[in-house]
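Residue 1 is where the sequence shown starts when you use full-length UniProt numbering, and the numbers rise one by one after that.
Even glycine gets a Cβ: it sits at the ideal position worked out from N, Cα and C.
Notes follow the structure.
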Amino acid sequence: GSQVSFVVERLPQNSAVVPQKANELLSLLAEQESRIVIVNLIHQREDARAKKSSRHKRLQLRRIAETSE
Numbered sequence: 001g002s003q004v005s006f007v008v009e010r011l012p013q014n015s016a017v018v019p020q021k022a023n024e025l026l027s028l029l030a031e032q033e034s035r036i037v038i039v040n041l042i043h044q045r046e047d048a049r050a051k052k053s054s055r056h057k058r059l060q061l062r063r064i065a066e067t068s069e
C-alpha cells in the first residue's frame, strides 16, 4: 500500500495523465495481489487434496489387508 502512494506522489501533479496512470498502477497491483491470493488458494487446495488422497490410500490398504486375512 505504501508503494502506491509513493509512486502517485512522484507523478507530476498538474498533468491530466496522473489519474489514469495512478488507476493503471492500482489496477495492476490489485491484479497481482488477487493472482497471488488465487495461487495461494490453489496450493492450499492441492495440499488438502494430497493429504486426503494419502489418507484414503492408507484406508484402502488397511481394508485390503483386513479382507485378505
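Would you kindly work out how many angstroms separate the C-alpha atoms of residue i and residue j, rounded to a whole number?
| i | j | result |
| --- | --- | --- |
| Gln44 | Val37 | 11 Å |
| Ile64 | Lys57 | 10 Å |
| Glu33 | Lys51 | 27 Å |
Can you list, in chain order, the residues of its chain with a C-beta nearer than 7 Å to that of residue i? Leave out the 5 residues immediately preceding and following it.
| i | result |
| --- | --- |
| Gly1 | Here the model assigns Gly1 a pLDDT of 49, short of 50, so the residue's position is not dependable and the matter cannot be decided. |
| Glu24 | none |
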